[in-house]
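Visitor:
In our numbering, the protein residues as written are 9 to 186.
1. In the DSSP output, which residue or residues are listed as bridge partners for residue 72?
2. Run through the segment 98 to 125 for me and flag every whole alpha helix (DSSP H) of 4 or more residues, listed as ranges in chain order.
3. Give the C-beta separation of residue 138 and residue 60 to the nearest angstrom, bearing in mind that I take them to be a contact with Cβ-Cβ under 8 Å.
4. Output the distance between the C-alpha atoms of residue 28 and residue 13, rounded to the nearest integer angstrom.
5. How is residue 127 classed by DSSP in three states: helix, strand or coil?
6. By Cβ distance, which residues of its chain are closer than 8 Å to residue 175, with the 5 residues on each side in sequence left out?
7. Nearest CA to the CA of residue 64: which residue from 145, 131 and 75?
8. Have a look at residue 21 and residue 82 and give me their C-alpha separation to the nearest angstrom.
9. Would residue 116 pass as a contact of residue 94 if the rule is Cβ separation under 9 Å?
10. Is it the case that the segment 146 to 159 contacts the segment 118 to 130, given that we only count it when at least three CB pairs across the two stretches are under 8 Å?
11. Exposed or buried, which one is residue 58 when buried takes at least 16 other CB atoms within 10 Å?
12. Kindly indicate which residue of 56, 88 and 9 has the alpha-carbon position closest to the one of residue 70.
13. Going straight from the alpha carbon of residue 186 to that of residue 43, what length do you get?
14. Please tell me whether residue 148 and residue 36 are closer than 9 Å, where the distance is taken between their beta carbons.
15. Quick check: the Cα distance between residue 110 and residue 140, rounded to an integer number of angstroms?
16. Can you have a look at residue 103 and say buried or exposed, based on whether 16 or more other CB atoms are within 10 angstroms of its CB?
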């Protein structure tokens, strides 16, 4: 599997959006790999971690987020499941699960229903350790400040705005991966 070839298929032009996607995704992949390598006892699949981290945000072009040059029709919160549809169609269901489960610290079905989110009505929380690691690593990087890694405090704060359950999950990940 070549994640960059898949990205090139959906982002054929060299433009600011593709640049944002590639820089952000590489930062997430590098952090996830660093954390994975510091915990060999977890037995994480490093190749999968890198591939899935590079693809986790592939669906952003289908959303409407002017600040990062996305001019699609869906709300930004949909980018995960939209990307999962693309990656699943490419024949990579395991990678697709990372796409759809990385928003916030993952979203439970109850949370999706209670908040009326425009998402599929199913549990969208990361399950495997690799899914959790990529979701965690993603919280340290934004797409608007590409050259800045957030502190643990700022990363946690960005998760808590989606609910305290996410904050508890983030704290668990700190204990597991840091």
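Glycine included, each C-beta is placed from N, C-alpha and C at the ideal position.
Guide: Looking at the coordinates:
1. DSSP lists 79 as partners of residue 72.
2. 101 to 109 and 117 to 123
3. 7 Å
4. 17 Å
5. coil
6. 113, 164, 167 and 168
7. 145
8. 21 Å
9. Contact: no.
10. no
11. Residue 58 is buried by the Cβ-count criterion.
12. 88
13. 7 Å
14. yes
15. 8 Å
16. buried
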